[in-house]
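Numbering (the working numbering), first residue to last: 10 to 475. Every residue gets a Cβ at the ideal spot worked out from N, C-alpha and C, and that includes glycine. Take a look at the structure set out below.
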């Protein structure tokens, strides 16, 4: 666009083909020759009006140089308008009655260009103001070897422009969240299990828990309890939590004669009416029932053994071994000693673990038996069901049920046999084993944990949010 201006100006002053124009005054022998005409250049984005002039010299044939004889050409005005929307050059023709060089306007319209650099420097100072962030002035000096009218200076002044980004001073805020420790407890009701949900309160970061499994049931005679079964497990510890998470608690019921303790997680195995059922497991979960935190196994149910004598005598004794049938323990067995040696034994059920259910109890005998049976294994989290006795000669017997747990315990085995005495008569024995305890468990993310057994009771869960 700069070249366009230069060409347009030169075409006006020198003619269409670039020849110098001889301007003669009216009725004058002298001629006026144009010697110099400056070029106007304006940078894109600026508006400027530059008035150029014509320097002439007068040549007269007769040597006379007077105002009347020689005419001084008037100034030529070059008008440039920047910016614009339509590029091009418009030339205004002088009036027809002009008898001497007249003023001619050249209008140059350019579109904005990104550069604000003058490449054809006239003897003009160009001042440009642009927005910026740091006010100041920069002056570019013309080269020292400029042998024609050059730009004397380019002054660029920046004015601070408001930033579209607001910088807010950094501040540090802190919120203190405090929580007084809060305790929640749920307990089973007899043999019936119970369950509940809690929500971790705001500000709580961890919970301390104590989970107790239901105890195993005791044996009975004519409806009266003879003894208590195995104790339920006791598991305690802590775990990190997030406020708003749901906490799910299942409390296992205690076993009773002929009945296993109920639990939504793992019930104790049932038993014959005279023997004790296994205790129900208690479990603590967070978020979902599949996200276990801790499980306390139920105790194994107690066995019922009996004997019948007919003029019996001799060195015969009944004894028990193994056990007690607490959670995480094998069940108790019963056997007959003759002269200090076992002649028959009924073994208790095996305990449940974290890797599998407990097997049912077995039996053994060195003499002939009338009847015998192995106990039932635990099934998943459920304890194995007890086995009834032979019930001959009015004997009442049965094996204890296994406790519920992470994996359930198995029920006891049994054996029925006759031990004769050649001098005085015979005895009939119906021996049975107790159930094995259910397995306990803690999540790998818990800490400060411990496992043990509780005093025989119903299952319960105690949680402290802190």
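**OP:** Taking all protein chains shown into account, decide if residue 249 is buried (16 or more other Cβ within 10 angstroms of its Cβ) or exposed.
**Re:** The residue given as residue 249 occupies position 240 in the chain shown. Residue 249 comes out exposed.
**OP:** Answer with buried or exposed for residue 42, where buried requires no fewer than 16 other C-beta atoms within 10 angstroms of its C-beta.
**Re:** Here residue 42 refers to the residue found at position 33 of the chain shown. Residue placement at residue 42 cannot be trusted, given a pLDDT of 49 that sits under 50; what the coordinates show is reported in the next sentence. Residue 42 is exposed by the Cβ-count criterion.
Original post:
What are the partner residues of residue 404, as DSSP defines its beta bridges?
Top reply: Counted from its first residue, the chain shown places residue 404 at position 395. Partner(s): none; residue 404 has no beta bridge.
Original post:
Under a Cβ-count criterion, where at least 16 other Cβ atoms within 10 Å of its own Cβ denotes burial, should residue 416 be classed as buried or exposed?
Top reply: Against the chain shown, residue 416 aligns to sequence position 407. Classification of residue 416: buried, given that the 10 Å Cβ count is 16 or more.
Original post:
Do residue 406 and residue 315 have their C-beta atoms closer together than 7 Å?
Top reply: As a working note, residue 406 is residue 397 in the chain shown. As a working note, residue 315 is residue 306 in the chain shown. The answer is yes: Cβ separation under 7 Å.
**OP:** Determine the direct distance from the alpha carbon of residue 329 to that of residue 347, and round the result to whole angstroms.
**Re:** In the chain shown, residue 347 corresponds to position 338, counting from 1. In the chain shown, residue 329 corresponds to position 320, counting from 1. About 14 Å.
Subject >> Alpha-carbon to alpha-carbon, residue 266 and residue 199 >> reply: Locating residue 199 in the chain shown gives position 190, where the first residue counts as 1. Locating residue 266 in the chain shown gives position 257, where the first residue counts as 1. Their Cα atoms are separated by approximately 12 Å.
Original post:
Distance, Cα to Cα, residue 473 vs residue 215?
Top reply: One-based indexing of the chain shown puts residue 473 at position 464. One-based indexing of the chain shown puts residue 215 at position 206. Computed Cα separation, rounded: 9 Å.
**OP:** Quickly, what does DSSP pair residue 462 with across the bridge? List them, please.
**Re:** Counting from one through the chain shown, the residue named residue 462 turns up at place 453. Note: residue 462 sits in a beta bridge opposite 242.
Original post:
Whole-angstrom Cβ separation of residue 426 and residue 376, contact assumed at under 8 Å?
Top reply: One-based indexing of the chain shown puts residue 426 at position 417. One-based indexing of the chain shown puts residue 376 at position 367. Yes, residue 426 and residue 376 are in contact; Cβ-Cβ is about 6 Å, under 8 Å.
Original post:
Got a sec? Which residues, its chain only, sit under 7 Å from residue 205 by beta carbon, not counting five neighbours each side?
Top reply: Within the chain shown, numbered from 1, the residue matching residue 205 stands at position 196. Cβ within range, chain order: 195, 258.
Original post:
In this structure, what does DSSP give as the bridge partners for residue 474?
Top reply: The residue you call residue 474 lines up with position 465 of the chain shown. Answer is 191, 216, bridged to residue 474.
Original post:
Which of the three DSSP states, helix, strand or coil, is assigned to residue 455?
Top reply: As a position in the chain shown, residue 455 is number 446, starting the count at 1. In this structure, residue 455 counts as coil in the three-state DSSP scheme.
Original post:
With burial defined as no fewer than 16 other Cβ atoms inside 10 Å of the residue's Cβ, what is the status of residue 289: buried or exposed?
Top reply: Along the chain shown, one-based indexing puts residue 289 at 280. So residue 289 counts as buried.
Subject >> Same chain, Cβ closer than 8 Å to residue 327, neighbours up to 5 away in sequence not counted >> reply: In the chain shown, residue 327 corresponds to position 318, counting from 1. Within the same chain, residue 327 has close Cβ partners 314, 316, 343, 344, 345, 346, 438, 440.
Original post:
Using the beta-carbon count (16 or more within 10 Å), is residue 334 buried or exposed?
Top reply: For the purposes of this step, residue 334 is identified with residue 325 of the chain shown, where counting begins at 1. It is buried - the Cβ of residue 334 has at least 16 other Cβ atoms within 10 Å.
Subject >> Close Cβ partners of residue 457 (< 7 Å) along its chain, the five nearest in sequence each way excluded >> reply: One-based indexing of the chain shown puts residue 457 at position 448. Around residue 457: 246, 247.
**OP:** Go ahead and pull the three-state DSSP assignment for residue 252.
**Re:** Start at 1 with the first residue of the chain shown, and residue 252 comes out as number 243. Three-state result, residue 252: coil.
**OP:** Would you kindly check if the distance between the Cβ of residue 222 and the Cβ of residue 285 is under 7 Å?
**Re:** Here residue 285 refers to the residue found at position 276 of the chain shown. Here residue 222 refers to the residue found at position 213 of the chain shown. Contact: no.
**OP:** Under 8 Å by Cβ, that's how I've got residue 240 and residue 467 pegged, so tell me the actual separation to the nearest angstrom.
**Re:** As a working mapping, residue 240 is identified with position 231 in the chain shown. As a working mapping, residue 467 is identified with position 458 in the chain shown. Not quite, the Cβ-Cβ distance comes to about 12 Å (not below 8 Å), so this is no contact.
Original post:
So which of 339, 312, 283, 255 has the shortest CA-CA distance to residue 299?
Top reply: Residue mapping note: residue 299 aligns to position 290 of the chain shown, counting from 1. Of the listed residues, the one whose Cα sits closest to residue 299 is 255.
Original post:
Going straight from the alpha carbon of residue 374 to that of residue 414, what length do you get?
Top reply: Translated into positions along the chain shown, residue 374 becomes position 365. Translated into positions along the chain shown, residue 414 becomes position 405. One C-alpha to the other measures close to 31 Å.
Subject >> Span separating the alpha-carbon of residue 202 from that of residue 279 >> reply: Looking up residue 202 in the chain shown gives position 193. Looking up residue 279 in the chain shown gives position 270. The straight-line gap from Cα to Cα measures roughly 15 Å.
Original post:
Hey, residue 369 and residue 384: beta-carbon distance below 7 Å or not?
Top reply: Here residue 369 is taken as the residue at index 360 of the chain shown, counted from 1. Here residue 384 is taken as the residue at index 375 of the chain shown, counted from 1. A contact, by the Cβ cut-off of 7 Å.
Original post:
Could you give the C-beta distance for residue 269 and residue 309, rounded to a whole number, given that I count them as a contact under 8 Å?
Top reply: Counting from one through the chain shown, the residue named residue 269 turns up at place 260. Counting from one through the chain shown, the residue named residue 309 turns up at place 300. Contact flag wrong, Cβ pair sits at about 10 Å.
**OP:** Tell me the start and end of each unbroken beta strand (DSSP E) in the stretch 343-405 that is at least 3 residues and wholly inside, in chain order.
**Re:** 350-355, 372-374, 378-382
**OP:** On a CA-only basis, which of 251, 271, 190 is nearest residue 469? Give me that one, please.
**Re:** By 1-based counting over the chain shown, the position of residue 469 is 460. With distances taken between Cα atoms, residue 469 lies closest to 271.
**OP:** Over the uninterrupted beta strand (DSSP E) stretch that includes residue 415, give me the two end residues.
**Re:** Here the question's residue 415 lines up with position 406 in the chain shown. Where residue 415 is concerned, there is no enclosing beta strand (DSSP E), given that its DSSP letter is neither H nor E.
Original post:
Quick one: is residue 349 buried, meaning 16 or more other Cβ sit within 10 Å of its Cβ, or exposed?
Top reply: For the purposes of this step, residue 349 is taken as residue 340 along the chain shown, with counting starting at 1. So residue 349 ends up on the exposed side.
Subject >> C-alpha distance - residue 401 paired with residue 379, whole-angstrom precision >> reply: If you number the chain shown from 1, residue 401 lands on position 392. If you number the chain shown from 1, residue 379 lands on position 370. Taking the straight line joining both Cα atoms gives about 10 Å.
Original post:
Is it buried or exposed for residue 224, if we count other Cβ within 10 angstroms and need 16 for buried?
Top reply: Working through the chain shown from its first residue, we reach residue 224 at position 215. Buried, by the Cβ-count rule.
Original post:
Roughly how many angstroms separate the alpha carbons of residue 444 and residue 396, rounded to a whole number?
Top reply: Counting from 1 along the chain shown, the entry for residue 444 is found at position 435. Counting from 1 along the chain shown, the entry for residue 396 is found at position 387. Approximately 10 Å, taken between the alpha carbons.
**OP:** Counting only the same chain and skipping the five closest in sequence on each side, list residues whose C-beta sits under 6 Å from that of residue 293.
**Re:** Taking the first residue of the chain shown as 1, we reach residue 293 at position 284. 218, 220, 258, 302, 303, 470, listed in sequence order.
**OP:** Rounded to whole angstroms, what's the CA-CA distance from residue 363 to residue 208? Just pull it up for me.
**Re:** Position 354 of the chain shown, counted from the first residue, corresponds to residue 363. Position 199 of the chain shown, counted from the first residue, corresponds to residue 208. Rounded to the nearest angstrom, the two C-alpha atoms are 28 Å apart.
Original post:
Would a C-beta distance cut-off of 7 Å place residue 331 and residue 449 closer than the cut-off?
Top reply: Walking along the chain shown from the start, residue 331 turns up at place 322. Walking along the chain shown from the start, residue 449 turns up at place 440. Not a contact, by the Cβ cut-off of 7 Å.
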